[in-house]
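Chains as they are written, first to last, in the numbering used here: chain A, 1 to 288; chain B, 289 to 555.
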């Protein structure tokens with residue numbers, strides 16, 4: 001399934017993530033790119049937006065780091081930071097798992113939401129984090145995304161959602177599934193309000209998130225080579241009993257099939273988002 | 289009444305080959321059903337049927353996920369697993385219903401949206417997402433009935449409604465108990481155990497306030513007395529529809545919004 005793959009790559013993400021800490025730098029200054037196998041200097045990778053300077057592989061990054069890359073320094077105001085699940089199905093061991101993850105990742109759920117500025121332009125932003133239960137959507141992710149969309153409607157602001165997800169969260173059963181309907185109907189209201197929604201798909205975006213808000217952007221961007229699909233590659237292979245061709249369900253494949261607007265490298269993401277925001281800004285329209 | 293069956297017993301009943309399927313209910317409950325075909329984009333998916341009919345004297349639009357009862361029928365219906373074209377046909381017909389002010393009744397019975405290569409190439413995720421988003425704003429009453437297996441996004445895609453009715457032994461779940469067990473317990477043979485924990489029965493989901501109504505079945509399932517079940521279901525649909533038709537369409541969609549908005553809000 002997608003999940004094992006995420007787990008594997010999360011490990012490599014952590015190695016690039018932690019290089020911000022001086023203590024880690026002393027332990028190991030080098031990291032191996034899992035794509036081109038080149039040995040890389042961690043700081044160089046970090047300074048290159050966590051993209052391999054050799055082959056251009058976009059390593060997975062945390063929500064915190066993503067916000068740092070996209071939002072103007074000092075302008076991010078987080079919303080619903082402490083929202084946490086109530087384990088609606090009383091699923092055994094779930095609360096313990098959540099607590100351990102909070103401790104390990106230093107975030108409270110698989111999405112961070114808030115207000116911020118991009119080159120001075122006000123936006124609502126939601127950024128998912130694959131380190132937290134593979135970015136799966138349960139009640140909290142659904143609720144935080146929906147609140148963010150409603151914030152955008154209330155403040156008449158554009159919204160940007162960075163997606164990374166293994167799909168709906170199993171431990172909350174049908175409650176998780178219903179978050180797909182909840183987030184989608186909130187976007188229907190955003191549409192009626194004439195507000196902009198930019199969806200950014202990052203590696204991997206799958207399952208219930210692909211089948212809800214991720215696919216509903218006015219403009220849908222993706223990072224190079226991101227895995228994007230409804231069913232996970234392994235499920236498809238088991239169903240059709242053949243190996244999937246190279247590049248299947250990658251961002252470039254989706255672009256070719258008409259499901260995304262543009263592939264944007266991480267170093268250009270902020271500027272691209274700014275250009276889109278600027279063009280859609282109300283009151284700025286000039287007659288030709 | 290089969291109130292004391294285990295969740296797994298109900299999964300097996302919901303999947304029984306001779307359990308009545310969408311077209312059985314459609315033929316019984318409605319008059320003059322005329323099937324309409326195609327998504328106007330690519331094809332016609334036989335795992336979803338849709339069309340126009342009368343409910344008593346009222347014109348309605350009817351949509352159903354259709355499984356077969358024999359292997360041959362199932363091959364033709366792709367075992368009730370829709371491709372994107374199925375959802376796009378359903379949405380086309382539902383928008384048409386809204387245009388002409390007809391209420392919509394949907395029947396849910398699927399092991400899930402088809403996880404094939406073509407389905408991915410043609411945007412399975414987008415088809416499901418758009419269906420949910422647009423259904424949420426259609427200004428006509430929508431009643432969804434889970435008649436068998438309501439599995440995953442493939443079920444939810446046509447289940448954004450004002451009223452959700454479940455047949456007593458139908459199940460509605462995030463994915464199959466087998467899939468759930470293989471992900472969470474790393475052992476698909478633990479599906480029986482998974483079914484009990486997943487809260488997928490009509491009674492569980494009524495308690496969780498996700499569905500509104502349960503239509504009872506005979507002890508060994510709906511196939512034992514199809515006419516009684518179909519008649520009871522018809523009465524429920526008519527009763528709900530009468531109430532919903534009195535609502536102002538703007539209130540209707542606001543209440544529909546709130547119905548899903550509140551799930552998982554209490555955090």
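Each residue gets a CB set at the ideal place from its N, CA and C atoms; glycine is no exception.
Going by C-alpha distance, which of the options is nearest residue i?
i: residue 345/B; options: 332/B, 325/B, 308/B, 391/B; result: 391/B
i: residue 309/B; options: 297/B, 365/B, 325/B; result: 365/B
i: residue 247/A; options: 405/B, 370/B, 373/B, 316/B; result: 405/B
i: residue 43/A; options: 57/A, 28/A, 142/A; result: 28/A
i: residue 358/B; options: 445/B, 305/B, 522/B; result: 305/B
i: residue 422/B; options: 384/B, 433/B, 459/B; result: 384/B
i: residue 512/B; options: 462/B, 461/B, 457/B; result: 457/B
i: residue 203/A; options: 170/A, 252/A, 196/A, 188/A; result: 252/A
i: residue 110/A; options: 116/A, 98/A, 269/A; result: 98/A
i: residue 536/B; options: 500/B, 460/B, 485/B, 428/B; result: 428/B
i: residue 50/A; options: 245/A, 223/A, 230/A, 250/A; result: 223/A
i: residue 233/A; options: 518/B, 409/B, 314/B, 321/B; result: 409/B
i: residue 68/A; options: 86/A, 127/A, 209/A, 33/A; result: 127/A
i: residue 210/A; options: 191/A, 192/A, 238/A, 181/A; result: 181/A
Tell me which residue opens and which closes the beta strand (DSSP E) that residue i is part of.
i: residue 79/A; result: 77 to 79
i: residue 134/A; result: Where residue 134/A is concerned, there is no enclosing beta strand (DSSP E), given that its DSSP letter is neither H nor E.
i: residue 40/A; result: 39 to 41
Could you check what DSSP says for residue i in three-state terms: helix, strand or coil?
i: residue 122/A; result: strand
i: residue 216/A; result: helix
i: residue 448/B; result: coil
i: residue 546/B; result: helix
i: residue 400/B; result: coil
i: residue 91/A; result: coil
i: residue 83/A; result: coil
i: residue 248/A; result: coil
i: residue 191/A; result: helix
i: residue 323/B; result: strand
i: residue 437/B; result: strand
i: residue 330/B; result: coil
i: residue 229/A; result: strand
i: residue 111/A; result: strand
i: residue 358/B; result: coil
i: residue 419/B; result: helix
i: residue 153/A; result: helix
i: residue 185/A; result: helix
i: residue 535/B; result: coil
i: residue 160/A; result: strand
i: residue 335/B; result: coil
i: residue 97/A; result: helix
i: residue 26/A; result: Confidence in residue 26/A is poor, its pLDDT being 45 and thus under 50, which makes the residue's placement too unreliable to answer from.
i: residue 461/B; result: strand
Are any of the Cβ atoms in chain B nearer than 7 Å to that of residue i?
i: residue 59/A; result: no
i: residue 10/A; result: Its pLDDT being 43, under 50, residue 10/A is placed unreliably by the model, and the measurement read from it follows with that caveat. Chain B contact via Cβ: absent.
i: residue 175/A; result: yes
i: residue 148/A; result: no
i: residue 182/A; result: yes
i: residue 143/A; result: yes
i: residue 51/A; result: no
For chain E, is any of its Cβ atoms less than 7 Å away from the one on residue i?
i: residue 424/B; result: Any reference to chain E falls outside this structure, whose protein chains are A and B.
Can you confirm whether residue i, when its beta carbon is compared against all beta carbons of chain A, has any partner nearer than 7 Å?
i: residue 511/B; result: no
i: residue 376/B; result: no
i: residue 308/B; result: no
i: residue 486/B; result: yes
i: residue 552/B; result: yes
i: residue 473/B; result: no
i: residue 405/B; result: yes
i: residue 549/B; result: yes
i: residue 384/B; result: no
Across which residues does DSSP place residue i in a beta bridge pair?
i: residue 347/B; result: 342/B
i: residue 58/A; result: 51/A
i: residue 165/A; result: 205/A
i: residue 455/B; result: 503/B
i: residue 221/A; result: 200/A, 262/A
i: residue 432/B; result: 394/B, 452/B
i: residue 489/B; result: 459/B
i: residue 353/B; result: 336/B
From what residue to what residue does the alpha helix (DSSP H) around residue i run?
i: residue 292/A; result: Residue 292/A is absent from the structure shown; chain A starts at 1 and stops at 288.
i: residue 406/B; result: 405 to 409
i: residue 316/B; result: 310 to 317
i: residue 379/B; result: 372 to 387
i: residue 31/A; result: Per DSSP, residue 31/A belongs to no alpha helix (DSSP H); it is in the beta strand (DSSP E), 30 to 32.
i: residue 472/B; result: 465 to 472
i: residue 484/B; result: 479 to 486
i: residue 298/B; result: 295 to 303
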